[in-house]
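Only one structure is covered here, and it is reproduced in the block below.
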Amino acid sequence: MQSWTDPPGERWIDEAAGPLVRPYALTGGRARPRGEPLDIVAILIGSGRPVPGHVRLTREQQRLLALCRRPYTVADLASELDLPLGVVVVLVDELLEQGLIEVARPAAPAARPDPRLLRRVIDELRAL
Amino acid sequence: MSFARSDDGPRIALKILVAGGFGVGKTTLVGSVSEIRPLRTEEFLTDASVGVDDTRGVEAKTTTTVAMDFGRITMRDGVVLYLFGTPGQDRFWFMWNELARGALGAVVLADTRRLTASFASIDYFEQRDIPFVVAVNCFEGAHRYSLEEIRDALDVDPQVPVVTCDARDRESAKHVLISLIEHAVQHSVPAPG
Chain A
103 MQSWTDPPGE RWIDEAAGPL VRPYALTGGR ARPRGEPLDI VAILIGSGRP
153 VPGHVRLTRE QQRLLALCRR PYTVADLASE LDLPLGVVVV LVDELLEQGL
203 IEVARPAAPA ARPDPRLLRR VIDELRAL
Chain B
37 MSFARSDDGP RIALKILVAG GFGVGKTTLV GSVSEIRPLR TEEFLTDASV
87 GVDDTRGVEA KTTTTVAMDF GRITMRDGVV LYLFGTPGQD RFWFMWNELA
137 RGALGAVVLA DTRRLTASFA SIDYFEQRDI PFVVAVNCFE GAHRYSLEEI
187 RDALDVDPQV PVVTCDARDR ESAKHVLISL IEHAVQHSVP APG
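Protein chains in written order, with this note's numbering: chain A, 103 to 230; chain B, 37 to 229.
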């Protein structure tokens, strides 16, 4: 039986169609993340810890971990890996549980953002 | 080994939503002001679409993926402004809550020929106390109404900015974002007392 950890019944019709793998095939059958929902612009960073011997990462998780050597938002990871957002959220959630990545900044500074920051953003937009 | 690159990844991520009816120019606006990036999300086939897509014989919940408008404006010191176009069709409402959480604010793009298409977005942001501006995309051939007429028709609060724009024009799109952030600054100042 083929294991989902090395799944590559992946076939490509063409570039636009993408890989013919159901999203849940990439997430080991999980459709929903277990933990608190991650914001689409939460910033993630690799923890630098070695992958524990018993943990087998999927190819997508390995790529994700490699990107997270520098800070990455969830949305940027999905874009860069060309995976649907929901799939990335589930993969990230597992890496968080395993302590391989960390949330550097959970979400956009929401309800009351720092007005000084916003004024700076306005100035930079004007100068664009 | 040297890593002398300016892009060290985001340090502060700010999220702005671009909402509005189908075909109102969301993709155009995001593209004219930001660096667009490919982004896909799952589309859950619900009752609304099951009649359209043939899902006979498929027992598990079926998902397919759709493209989303997504753009980035990278600023100094790791500040990155992220723009997300909110999917217009009703079957994407479930995504709005996820997108709206923690958003700095929203642009509601409107077309004077179909103002009613903006009502749902306006209600959504009003109810959640998310600062928003209404940007009327001036399509060629569409009758020009005064901003007051449009404000009356949309019935938005007096403090909500209503501006006109040309979504294709970078300066105009920048002006829309600046109006929104200025409004968000006002919004972030706690009311006295």
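A virtual CB, placed ideally from N, CA and C, is assigned to each residue, including glycine.
> If we call anything under 8 angstroms between Cβ atoms a contact, is Ala139/B one with Ile145/A?
Replying inline: On the second sequence, position 103 is the one that residue 139/B refers to. On the first sequence, position 43 is the one that residue 145/A refers to. No, these two residues do not count as a Cβ contact at 8 angstroms.
> How long is the line joining the alpha carbons of Ala189/B and Ser157/B, rounded to whole angstroms?
Replying inline: In the second sequence, the residue the question calls residue 189/B occupies position 153. In the second sequence, the residue the question calls residue 157/B occupies position 121. Taking the straight line joining both Cα atoms gives about 15 angstroms.
> What residues are listed by DSSP as bridge partners for Val198/B?
Replying inline: Within the second sequence, residue 198/B is the residue found at index 162, counting from 1. DSSP links Val198/B through a beta bridge to Val170/B.
> How many Å lie between Met104/B and Gly57/B at the Cα?
Replying inline: The residue you call residue 104/B lines up with position 68 of the second sequence. The residue you call residue 57/B lines up with position 21 of the second sequence. Near 14 angstroms, if we compare the C-alpha coordinates of Gly57/B and Met104/B.
> Taking any Cβ of chain A, which residues in the stretch 122-150 of chain B have a Cβ under 8 angstroms from it, in chain order?
Replying inline: In summary, the residues of the stretch 122-150 of chain B whose CB is separated from some CB of chain A by less than 8 angstroms are Glu134, Leu135, Arg137, Gly138, Ala139, Leu140, in the order they occur in the chain.
>> Extract the residue ranges of the alpha helix (DSSP H) inside the stretch 93-167 of chain B, only unbroken runs of 4 or more that lie entirely within it.
In response: Taking only runs of at least 4 residues, the alpha helix (DSSP H) segments lying wholly in the stretch 93-167 of chain B are 129-136, 155-163.
> Out of curiosity, what's the CA-to-CA distance linking Thr200/B and Ala171/B?
Replying inline: Working through the second sequence from its first residue, we reach residue 200/B at position 164. Working through the second sequence from its first residue, we reach residue 171/B at position 135. C-alpha separation (whole angstroms): 5 angstroms.
> By the 10 Å Cβ neighbour count, where 16 or more other Cβ atoms means buried, how is Val157/A classified, buried or exposed?
Replying inline: Residue mapping note: residue 157/A aligns to position 55 of the first sequence, counting from 1. Counting every other CB atom within 10 Å of its CB across the protein chains shown gives Val157/A a total below 16, marking it as exposed.
>> Does any residue of chain B have a CB that is nearer than 8 angstroms to the CB of Ile203/A?
In response: Looking up residue 203/A in the first sequence gives position 101. With 8 angstroms as the cut-off, Ile203/A does not count as an interface residue toward chain B.
> Can you list, in chain order, the residues of its chain whose CB lies under 8 angstroms from that of Ala177/A, leaving out five sequence neighbours each side?
Replying inline: Looking up residue 177/A in the first sequence gives position 75. Excluding residues within five positions, the ones whose Cβ falls inside 8 angstroms are Ile142, Val143, Leu187.
>> Looking at the strands, I want to know which residues DSSP matches up with Lys51/B.
In response: Position 15 of the second sequence, counting from 1, holds the residue named residue 51/B. Tyr118/B.
> Going along the chain, which residues of its own chain have a beta-carbon closer than 6 angstroms to the beta-carbon of Val88/B, five neighbours each way excluded?
Replying inline: For the purposes of this step, residue 88/B is taken as residue 52 along the second sequence, with counting starting at 1. Residue placement at Val88/B is poorly supported in this model, since its pLDDT is 47, which falls under 50; the coordinates still yield a value, given next. Here the set comprises nothing.
>> Please report the distance separating the alpha-carbon of Ile224/A from that of Ile214/B.
In response: Indexing the first sequence from 1 puts residue 224/A at position 122. Indexing the second sequence from 1 puts residue 214/B at position 178. Spanning the two alpha carbons is a distance of roughly 6 angstroms.
> So which residues of chain B does Asp141/A contact, with C-beta pairs closer than 9 angstroms?
Replying inline: Position 39 of the first sequence, counted from the first residue, corresponds to residue 141/A. Those within 9 angstroms of Asp141/A in chain B are Ala49, Lys51, Glu134, Arg137, Gly138.
> To the nearest whole angstrom, what separates the beta carbons of Thr152/B and His179/B, a pair I think is in contact under 8 angstroms?
Replying inline: Walking along the second sequence from the start, residue 152/B turns up at place 116. Walking along the second sequence from the start, residue 179/B turns up at place 143. The pair is not a contact, with the Cβ atoms about 16 angstroms apart (cut-off 8 angstroms).
> Mind checking whether Gly45/B and Ser70/B have CB atoms under 8 angstroms apart?
Replying inline: Here residue 45/B is taken as the residue at index 9 of the second sequence, counted from 1. Here residue 70/B is taken as the residue at index 34 of the second sequence, counted from 1. Annotated as distal: Gly45/B and Ser70/B, with beta-carbon spacing of 8 angstroms or more.
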